[in-house]
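Engineer:
In structure tokens, the structure reads:
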């Protein structure tokens, strides 16, 4: 066949992945658990661990005031589905055999309560997120990727120690508002999404955007993207479906590299 004989393939015959639909709540629960573990393993690979700090939560699809979370004191790099714990709205473990990180409950329970649209929330003490948070400033639209957060993230401009009280979690949820992310001053980043995939991707790309901003500012004067183009770019890349799509190559990589995670 010569090149002149080739015909375009109809777009409806090309593969394009979209978020899954589920026939049962059990199937959806297992899916969220598997995505949660994949995200945690990726966070481990990317060096987002800092001792016992850091957590990703996924709302249970049936008991929507409960969430699945990584257990206290276990490395992101070793977590399997069978290690996850289910925590109720009072911070009690109702499934699993490990303790819950009190900070995970205090922050995430209030975020999930304030944001019924948020299926998942991610927080860790990643290096560049911590560094930018110490400046008490927002992400600037210095790169295309950073525009995903343009006028779509908040700043919790306070620090009063390790978060162990739900009232502090409520204040963080208020600072998050309806946005996809919040910078916790002197602490780090927190992101949310309507899937585990989106919440995890927003954290990963926000951490990288913090790194880019710190590097750029250290190198010299910066040239930000103007308001109109930053808003346009946010509309193109800043929704949760785009976040989900961006996560898929990373998900494929971690599944291929670490098939033990679903045990």
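In UniProt numbering, the protein residues as written are 1 to 263. Every residue, glycine too, gets a C-beta built ideally from N, C-alpha and C. Remember, it's a predicted structure, so these values are computed and weren't measured experimentally.
1. Which residue wins for smallest C-alpha separation from residue 163, given the options 10, 250, 108?
2. So, using beta-carbon positions, are residue 175 and residue 191 closer together than 7 Å?
3. Identify the residues that DSSP records as bridge partners of residue 67: which are they?
4. If I follow the unbroken beta strand (DSSP E) through residue 47, where does it start and stop?
5. DSSP three-state label for residue 254, please.
6. How many Å lie between residue 90 and residue 165 at the Cα?
7. For residue 99, count neighbouring Cβ atoms within 10 angstroms of its own Cβ and tell me buried if that reaches 16, exposed if not.
8. For a quick check, are the C-beta atoms of residue 36 and residue 53 less than 7 Å apart?
9. Quick one: is residue 32 buried, meaning 16 or more other Cβ sit within 10 Å of its Cβ, or exposed?
10. Counting C-beta neighbours from all protein chains within 10 Å, is the total for residue 17 16 or more, i.e. buried, or is it exposed?
Structural biologist: The short version:
1. Along the chain shown, one-based indexing puts residue 163 at 163. Of the listed residues, the one whose Cα sits closest to residue 163 is 108.
2. Taking the chain shown and counting its residues from 1, one reaches residue 175 at position 175. Taking the chain shown and counting its residues from 1, one reaches residue 191 at position 191. Taking 7 Å as the Cβ cut-off, residue 175 and residue 191 do not qualify as a contacting pair.
3. Counting from one through the chain shown, the residue named residue 67 turns up at place 67. 59, 87.
4. Position 47 of the chain shown, counting from 1, holds the residue named residue 47. Counting along the chain, residue 47 falls outside any beta strand (DSSP E), and DSSP gives it neither H nor E.
5. Within the chain shown, numbered from 1, the residue matching residue 254 stands at position 254. In the three-state reduction of the DSSP assignment, residue 254 falls in the helix class, which pools H, G and I.
6. Start at 1 with the first residue of the chain shown, and residue 90 comes out as number 90. Start at 1 with the first residue of the chain shown, and residue 165 comes out as number 165. Straight-line Cα distance between these residues: approximately 12 Å.
7. Looking up residue 99 in the chain shown gives position 99. Counting other Cβ atoms within 10 Å of its Cβ, residue 99 stays below 16 and is therefore classed as exposed.
8. Residue mapping note: residue 36 aligns to position 36 of the chain shown, counting from 1. Residue mapping note: residue 53 aligns to position 53 of the chain shown, counting from 1. Going by C-beta atoms, residue 36 is not nearer than 7 Å to residue 53.
9. Counting from 1 along the chain shown, the entry for residue 32 is found at position 32. Buried: at least 16 other Cβ atoms inside 10 Å.
10. Start at 1 with the first residue of the chain shown, and residue 17 comes out as number 17. Per the 10 Å Cβ criterion, exposed.
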